[in-house]
Structures are given as C-alpha cells and as structure tokens.
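S.K.: In my numbering, the protein residues as written are 5 to 183.
Every residue gets a Cβ at the ideal spot worked out from N, C-alpha and C, and that includes glycine.
Please read through the structure below; I'll follow up with questions.
In structure tokens, the structure reads:
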C-alpha cells in the first residue's frame, strides 16, 4: 500500500544519506575466508594432552576425520618437550593428571611464554569453580566438561579457525556515531 511505500522511500533516503556521509574507519577490513581457501590451508595442528587413552583415541579419530592433525600426549612432560620443538595451533588439555588435580593448568602456567597466542581448551571431569578459575588463569579460552560433547568441540575449533560450512555470513553495519 501507499503508506508502506512511503516508509520504504524514507528509509532509502536515510540509507542514501548515511552512505554519502560515510568516512573511512580505522578498523581493518578482514576479507572472509572462501571455501576453496579453507581447503587449501595447511592442516591445523592440535596438541591433545589426555591421560585417558580411550578418550584420546576417540577425540583424535573424530578430529582427524574433520581434517585436523592431532598429536596426542599422555602426560604434561611429553607435551612440554614437544612444544619446545614445534608450536601447536591449538591445545586441548586435561586438567587432572597423576601429579595433581590442577596439573594441566599448572603445566600451562609454567610454560606460558612458550604458548603465547595459542588457543587453549580445557577438557575435564571437574566442574567446580576452582578448576575453571585455574584454567582461566592458565589462559584457557574454553572449558569443556567430560563426557565430552564432540559437536561442541568441533564447533569451537571451527569457530577459532574460521572453518565454516557453506558461505560465511556478511554483515553491513551502518551507524551515525563514529565510535
């Protein structure tokens, strides 16, 4: 109807004014990753530190099917040695080991400078606040509890590395305030 048409015309006029008064921003533009670019990227290396061998095998198999390269370590000492030789793209760390209830977090805090910028995801049977706080202090970006929801882990990893299925969303943001 004519009322709706008038509303649309007003909105188009406002959009036209906003476009004409647009100023360059200091925020850098990041081109979205195209699907063929994702396929051509190197495999993402996941360091899995888990003393439960059955769970480690399940996680490794599932992630390898998704295109990730997984290196498993059954104790924090072997993990620390491997990190001195090569940097992982992401770390999946259990919290509890034979050495202590917060040994995973302790290990990462001790080697913090070696993993600067590397995303850390904790997986643990512990659900208490002290374990979660220790994980946060160790630099964790996520804390997943056991039994592990593999779909949630997959979504977390895919989100970290922009591995999206289908076309990425595109968003146009128009605001009259520069900040």
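1. Just how far apart, CA to CA, sit residue 127 and residue 14?
2. Short check: CB of residue 66 to CB of residue 154, under 7 Å?
3. Indicate whether the contact test is met: 3 or more Cβ pairs, each with one atom in the stretch 125-140 and one in the stretch 66-85, closer than 8 Å.
4. So for residue 64, helix, strand or coil by DSSP?
5. Below 8 Å, how does it come out for the stretch 101-114 and the stretch 137-148: are there three or more Cβ pairs, yes or no?
6. Following the continuous beta strand (DSSP E) through residue 96, name the residue where it begins and the one where it ends.
7. With DSSP as the reference, label residue 91 as helix, strand or coil.
8. Starting from residue 52, trace the beta strand (DSSP E) both ways and give me its first and last residue.
9. Where do the N-terminal and C-terminal ends of the alpha helix (DSSP H) with residue 23 fall, by residue?
10. In chain order, what residues of the same chain have a beta carbon less than 6 Å from the beta carbon of residue 152, not counting five sequence neighbours either side?
11. Below 7 Å between beta carbons: does that hold for residue 112 and residue 52?
12. Use the C-beta contact count for residue 118: other C-beta atoms within 10 angstroms, 16 or more gives buried, fewer gives exposed.
13. Identify the residues that DSSP records as bridge partners of residue 133: which are they?
M.R.: So, from the data block:
1. In a straight line, the C-alpha of residue 127 is about 53 Å away from that of residue 14.
2. Closer than 7 Å, so yes.
3. Judged by Cβ distances under 8 Å, the stretch 125-140 makes no contact with the stretch 66-85, as fewer than three pairs qualify.
4. Of the three classes helix, strand and coil, the one that applies to residue 64 here is helix, per DSSP.
5. As far as the Cβ criterion goes, the stretch 101-114 touches the stretch 137-148, which means the pair count is three or higher.
6. Residue range 94-98 is occupied by the beta strand (DSSP E) that includes residue 96.
7. Look at residue 91 here: in three-state DSSP terms it is coil, with no helix or strand label.
8. From DSSP, the beta strand (DSSP E) with residue 52 extends over 49-53.
9. It spans 6-24 - the alpha helix (DSSP H) in which residue 23 sits, taken as one unbroken run.
10. Cβ-Cβ distances below 6 Å link residue 152 to 127 in the same chain, with the five nearest sequence neighbours on each side left out; the list follows chain order.
11. Taking C-beta atoms as the reference points, residue 112 and residue 52 fail to come closer than 7 Å.
12. In summary, residue 118 is exposed, with fewer than 16 beta-carbon neighbours lying within 10 Å of its beta-carbon over all protein chains present.
13. Paired residues: none, contrary to the question.
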